[in-house]
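A short worksheet on the structure shown next.
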Amino acid sequence: MGNMFYMIIITQREYENTYHEFFKENGINTVLSDLCKGTAQKKTLDYLGIEKTEKIMFHVIADCVHRDSILKNLVNQMEIETPGNGIAFTVPLESIGGESCLKYLADGQEILSKEGEKMENLKYSLIVVVADKGSSDIVMEAARSANAKGGTVVQAKETGENTKERFFGVSIATEKEMIYILSKKQDKESIMNAIMEKAGMDTDAHAVVFSIPVDRIAGLRSVVTEQ
3 MGNMFYMIII
13 TQREYENTYH
23 EFFKENGINT
33 VLSDLCKGTA
43 QKKTLDYLGI
53 EKTEKIMFHV
63 IADCVHRDSI
73 LKNLVNQMEI
83 ETPGNGIAFT
93 VPLESIGGES
103 CLKYLADGQE
113 ILSKEGEKME
123 NLKYSLIVVV
133 ADKGSSDIVM
143 EAARSANAKG
153 GTVVQAKETG
163 ENTKERFFGV
173 SIATEKEMIY
183 ILSKKQDKES
193 IMNAIMEKAG
203 MDTDAHAVVF
213 SIPVDRIAGL
223 RSVVTEQ
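For the sequence shown, the positions run 3 to 229 when the working numbering is used.
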């Protein structure tokens, strides 16, 4: 499955219709989206494309050809490198559950067999934090203490059968916030440790943290090094 990628694009909510047209023009027929908000501090706005405003997050599955062309066109057409216009990144997929799922997610794309880049060679990580509602400021304060620049918050809700029960003796709220933080790989561990120490399961935030490897990014000058 080295040829398929999960792509996330975060941008201003007012650009929603423009981006749907952009995806169609670039051969992407299946697009999921949800509403979110940015968390970056004012002092970072001159170089960071995610400030504390209303955002929309697009989710796309793309092969390597569409991935590369979309990232290029996001820069050239959508001007995603302009501060405030957003960010895009891709995560390599390990597997997809069957041919019918693949056809649905990659509708209209050519599926090729290609060896993917080795995980140890990837330079970036997506840190995902699941915390109680209202905890995003605490999480981001901890993350910034370890060199994180900004994040994006999505409202979520725990829906398991035992959501009202206690976890390791701690009462867990069902209303959640998911905080997405993009970082350089070398900063990942320190950011995660800071979050776990200051907003972990033994705090009022009850945060759970994990990371995902990222292979391509566009639109975040504070993380992307000029080639």
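A virtual CB, placed ideally from N, CA and C, is assigned to each residue, including glycine.
Bear in mind that the values here come from a model prediction, so they are computed numbers and not experimental data.
Check	Outcome
Measure the C-alpha to C-alpha separation of residue 28 and residue 206 and round it to an integer number of angstroms.	44 Å
Name the residue from 33, 198 and 112 whose alpha carbon lies nearest to the alpha carbon of residue 140.	198
Determine whether the beta carbon atoms of residue 209 and residue 131 lie at a separation below 7 Å.	yes
Do residue 8 and residue 95 count as a contact pair if the criterion is CB distance below 7 Å?	yes
Start and end of the alpha helix (DSSP H) containing residue 198?	187-201
Going by DSSP, what residues sit across from residue 146 in a beta bridge?	Answer by DSSP bridge pairing: none, since residue 146 is not bridged.
Using only alpha-carbon positions, find the residue among 129, 147 and 62 that is nearest to residue 106.	62
How many angstroms separate the CA atom of residue 271 from the CA atom of residue 56?	This structure gives no information on residue 271, because the portion of the chain shown stretches from 3 to 229.
State the Cα-Cα distance for the pair residue 1 and residue 38, rounded to the nearest angstrom.	A question about residue 1 goes unanswered here, because the residues of the chain that appear run from 3 up to 229.
What does the alpha-carbon distance come out to for the pair residue 186 and residue 124?	10 Å
Would you call residue 92 buried or exposed, if buried means 16 or more other Cβ atoms sit within 10 Å of its Cβ?	buried
Which word fits residue 134, buried or exposed, when buried means at least 16 other C-beta atoms lie within 10 angstroms of its C-beta?	buried
Assuming contact is defined by CB atoms lying nearer than 7 Å, are residue 1 and residue 110 in contact in what I supplied?	For the chain, the structure presents residues 3 to 229; residue 1 sits outside this window and is missing.
At the level of alpha carbons, what is the spacing between residue 215 and residue 35?	21 Å
With C-beta atoms as the reference, is residue 129 less than 7 Å away from residue 193?	yes
Quick one: using the 10 Å Cβ neighbour count with 16 as the cut-off for buried, is residue 14 buried or exposed?	buried
By the DSSP assignment, the alpha helix (DSSP H) with residue 127 in it spans what residues?	Here residue 127 belongs to no alpha helix (DSSP H); instead the beta strand (DSSP E) covers 126-134.
On the CB-based measure, 16 or more other CB atoms within 10 Å of its CB, does residue 204 come out buried or exposed?	exposed
Given this structure, state the Cα-to-Cα distance separating residue 101 from residue 65, to the nearest angstrom.	15 Å
Tell me where the beta strand (DSSP E) around residue 95 begins and ends.	Here residue 95 belongs to no beta strand (DSSP E), and DSSP marks it neither H nor E.
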